[in-house]
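Report on one structure; see the data block that follows.
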Ligand code: CP
Ligand code: NVA
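In the numbering used here, the protein residues as written are 8 to 307.
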């Protein structure tokens, strides 16, 4: 693994190795055991979109590993004035040891990686959110003990989260169901991979998808960049909500996860959110540990 741009970049073995290291780093942090694997190294972080968790967990994680993070708002970079991605990539490669990017177009992250001589990490694009899904997998394994025989159900937009969840959870061997409105299906390449596993179901029925699920996951109806579509999306996604009825169809001990930020009473009710807040905020915390593991694997 040279870069982390999407879940398809990782084999099952590589995912397990990242999660094992993440568990170890979590233990070391909690017990005050130093883990300065990236002493003297720097990570640039380009943001073209807002962020709370990704920015703070990468910055803190880099500090805890003995390195130094640089927050680079795209608004303050020459990239907004038209400097080509290929020149930005070759410039930043001369200063930094790793680069994270949060942007719109997956192609921009791919092009950055093509021209960078340092590892590039996708901190979210419209197509993928691999760092989030590594944290989600870590949380499931931590809370359920293993992935064996488990079913994950995703309800909502066929967005970056859906694409990465479907790919990631199938790769570790779980069964996956996804309920998405017809107009909002996940990416075709993800669906092709998923269908070939024989462990995947795509439906327009949230009830059907939730049946017997061990893990229920949802995401916002309008991702960053789609805010202007929210009125139409509220109509299109009516019924695609994780609520007590949906949870009554899942296993009695089913977990609920959400990458956050959440829109209560849209994709998830307050009731379900608060009943599963321990899982959701463990998932949030695990962003830190999972990304530290990714940075160590790529940059140490
Ligand atoms: N889940 C997630 O990526 O959160 P932020 O947008 O706050 O980084
Ligand atoms: N799908 C959401 C995820 C936010 C972490 C978005 O792209 O806005």
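Cβ coordinates follow ideal geometry from the N, Cα and C atoms, glycine included. All of these numbers come straight from a predicted model, not from anything done at the bench.
{"query": "Out of 205, 79, 174, 170, which has the shortest C-alpha to C-alpha gap to residue 191?", "result": "170"}
{"query": "For residue 131, is the beta carbon positioned less than 7 Å from some heavy atom of ligand 2?", "result": "yes"}
{"query": "Using the three-state DSSP reduction, which class does residue 75 fall into: helix, strand or coil?", "result": "strand"}
{"query": "Suppose contacts are defined by Cβ-Cβ distances below 8 Å. Is residue 304 in contact with residue 221 by that definition?", "result": "no"}
{"query": "Taking the Cβ atom as the reference point for each residue, do residue 93 and residue 106 lie within a distance shorter than 8 Å?", "result": "no"}
{"query": "CB of residue 252 to nearest heavy atom of ligand 2: below 7 Å?", "result": "no"}
{"query": "For residue 52, which three-state DSSP category applies?", "result": "strand"}
{"query": "Roughly how far, in whole angstroms, is the beta-carbon of residue 163 from the beta-carbon of residue 187, given that I think they are within contact range, below 8 Å?", "result": "7 Å"}
{"query": "Taking Cβ positions, are residue 227 and residue 283 nearer each other than 8 Å?", "result": "no"}
{"query": "Going straight from the alpha carbon of residue 114 to that of residue 28, what length do you get?", "result": "29 Å"}
{"query": "Using only alpha-carbon positions, find the residue among 15, 272, 30 that is nearest to residue 148.", "result": "30"}
{"query": "Taking 7 Å as the cut-off, is the CB of residue 58 close to at least one heavy atom of ligand 1?", "result": "yes"}
{"query": "Got a sec: does ligand 2 put a non-hydrogen atom nearer than 7 Å to the Cβ of residue 227?", "result": "yes"}
{"query": "Report, in whole angstroms, the separation of the C-beta atoms of residue 33 and residue 73, which I expect to be a contact under 8 Å.", "result": "With 8 Å as the limit, residue 33 and residue 73 do not qualify as a contact, their Cβ atoms being about 17 Å apart."}
{"query": "Return the first residue and the last residue of the beta strand (DSSP E) that residue 146 is part of.", "result": "Not the beta strand (DSSP E): residue 146 falls in the alpha helix (DSSP H), residues 137-151."}
{"query": "Inspect the beta-carbon positions of residue 223 and residue 185 and report whether they are closer than 8 Å.", "result": "no"}
{"query": "Given a cut-off of 8 Å, decide if residue 183 and residue 19 are closer than it, judged by their beta-carbon atoms.", "result": "no"}
{"query": "Span of the beta strand (DSSP E) holding residue 209?", "result": "207-210"}
{"query": "Give me the Cα-Cα distance between residue 210 and residue 41, rounded to the nearest whole angstrom.", "result": "47 Å"}
{"query": "Going by beta carbon distance, what residues of the same chain come within less than 8 Å of residue 138, once the five residues before and after it are set aside?", "result": "11, 61, 128, 129, 130, 131, 294, 297, 298, 301"}
{"query": "Less than 8 Å separating the beta-carbons of residue 110 and residue 77?", "result": "no"}
{"query": "Please determine, among 218, 172, 264, the residue with the shortest C-alpha to C-alpha distance to residue 22.", "result": "172"}
{"query": "Hey, is residue 104 close to ligand 2, as in C-beta under 7 Å from one of its heavy atoms?", "result": "no"}
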